[in-house]
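Numbering (my numbering), first residue to last: 24 to 302. Where is the CB? At the ideal position from N, CA and C, for every residue including glycine. To start, the structure under review is shown below, and the notes come after it.
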C-alpha cells in the first residue's frame with residue numbers, strides 16, 4: 024500500500040526523440056476507473072497538478088498523471104520553445120495518452136484547455152474531458168483586451184520580446200493575474216520561482232487557432248472562477264454552451280484554481296462529476 028503513495032516521474036520519447044516529463048500518482052486501491060491526464064497552462068508545468076490534484080485523485084481511486092509539455096518542467100525542447108505551437112502540444116498529449124492501456128479523461132487548464140480541445144478534435148475516444156479556467160472557444164482576444172488596456176506597457180514588452188514569463192515574474196504580478204488577493208504571499212512567492220517561459224506562438228494560437236466544437240462529441244465539464252482576471256466568466260459560459268457541457272463557476276476563486284486555497288472544492292466537484300458518469 025505504501026508504494027501507491029509514491030510519486031513516479033517518467034519520460035517518454037517520441038519519434039523526434041522528445042522526452043516528456045510525466046508525474047504519476049497511482050490509485051491507492053486497484054479498480055477499473057479511467058486514468059486521468061492533466062495538461063497545464065502557460066508558463067506552468069506538471070508540478071502544478073502535483074501540489075494538490077494528483078494526490079487527491081489518487082486517494083479517490085484514480086491513476087492520476089500530469090504531463091509537462093515540451094519546453095516546460097523537466098521535458099526536453101527548451102531550445103525550440105519559442106517555435107512550439109498548440110499543434111505541437113497536442114502531439115505531446117497524444118504521445119502520452121497512447122501509452123495508457125485505455126483512453127484517459129483529459130483535463131486542461133488555461134492554455135492547456137485549448138490543447139485539450141484541439142486534441143479532442145482528432146481523438147474522440149476520451150471518455151470525458153474537463154476544462155478549467157480554459158482558453159475559450161472564441162479565443163483569448165476578447166478576454167485579453169481589458170488586460171492590455173490595464174497594462175499596455177507590460178503587454179507591449181511581452182509582444183515585442185516574446186518574454187511571456189514576464190507576466191508572472193514577481194509575486195505581485197502573479198497575484199494580480201493568477202491568484203486571489205487573500206492567498207498566502209509566501210506560497211505565491213514559492214510558485215513564482217517555479218514558473219517558466221512560454222511559447223509566444225502558442226499564445227498567438229490562443230487568439231486565432233480556435234477549437235471546433237462541432238467536431239467534439241466527448242462529454243465535458245467546464246469550470247470557471249468568478250475572480251478570474253484572465254478568462255472572463257462570460258467566455259467560460261459561452262464555452263460550456265458551445266459544447267452543451269455541464270458547468271460550474273466557483274466564487275471567491277481566481278485563475279489558478281488548482282493552486283488556490285479552495286482547490287479542494289474544485290477537485291471534489293470533479294470527483295462527484297466523474298462518479299455520476301461511472302468513470
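Next on the checklist: Classify residue 291: buried if its beta carbon has 16 or more other beta carbons within 10 angstroms, exposed otherwise.
Outcome noted: exposed
Checklist entry - How is the alpha helix (DSSP H) around residue 180 delimited, first residue to last? => result 175-184
Checklist entry - What number of angstroms, rounded off, separates the C-alpha of residue 59 from the C-alpha of residue 136? => result 14 Å
Checklist entry - Out of curiosity, what's the CA-to-CA distance linking residue 167 and residue 253? => result 7 Å
Next on the checklist: Am I right that residue 96 and residue 44 are in contact with their C-beta atoms under 8 Å? What's the rounded C-beta distance?
Outcome noted: 5 Å
Checklist entry - Under three-state DSSP, which class holds residue 167? => result helix
Checklist entry - Which term fits residue 301, buried or exposed, when burial requires 16 or more other beta carbons within 10 angstroms of its beta carbon? => result exposed
Checklist entry - Are the Cβ atoms of residue 223 and residue 245 separated by less than 8 Å? => result no
Checklist entry - Apart from the five residues on each side of it in sequence, which residues of its chain come closer than 7 Å, Cβ to Cβ, to residue 99? => result 41, 42, 93
Checklist entry - Just to confirm, are residue 61 and residue 119 a CB contact at a threshold of 8 Å? => result no
Item to check | Beta-ladder partner(s) of residue 119, from DSSP | outcome: DSSP lists no partner for residue 119.
Checklist entry - Under a three-way DSSP split, which group does residue 253 fall into? => result coil
Next on the checklist: Within 10 Å of its beta-carbon, does residue 140 have 16 or more other beta-carbons around it, so buried, or fewer, so exposed?
Outcome noted: buried
Checklist entry - Between the C-alpha atoms of residue 248 and residue 263, what's the straight-line distance to the nearest angstrom? => result 14 Å
Checklist entry - In chain order, what residues of the same chain have a beta carbon less than 7 Å from the beta carbon of residue 235, not counting five sequence neighbours either side? => result 144
Checklist entry - Can you tell me whether residue 297 is buried or exposed, with buried defined as 16 or more other CB within 10 angstroms of its CB? => result buried
Checklist entry - Helix or strand or just coil, what does DSSP make of residue 1? => result The chain is shown only over 24 to 302; residue 1 falls outside these bounds and no answer can be derived.
Item to check | Classification of residue 213 by the beta-carbon crowding that lies within 10 angstroms, buried from 16 upward | outcome: exposed
Checklist entry - Would you report the Cα separation of residue 228 and residue 179, rounded to the nearest angstrom? => result 18 Å
Checklist entry - Across which residues does DSSP place residue 61 in a beta bridge pair? => result 89, 130
Item to check | Residue ranges of each alpha helix (DSSP H) within the stretch 195-256, 4 or longer | outcome: 208-215, 223-231
Item to check | Bridge-paired residues (DSSP) for residue 273 | outcome: 248
Checklist entry - Per DSSP, what kind of secondary structure is residue 152 in: helix, strand or coil? => result strand
Item to check | DSSP-derived helix/strand/coil call for residue 42 | outcome: strand
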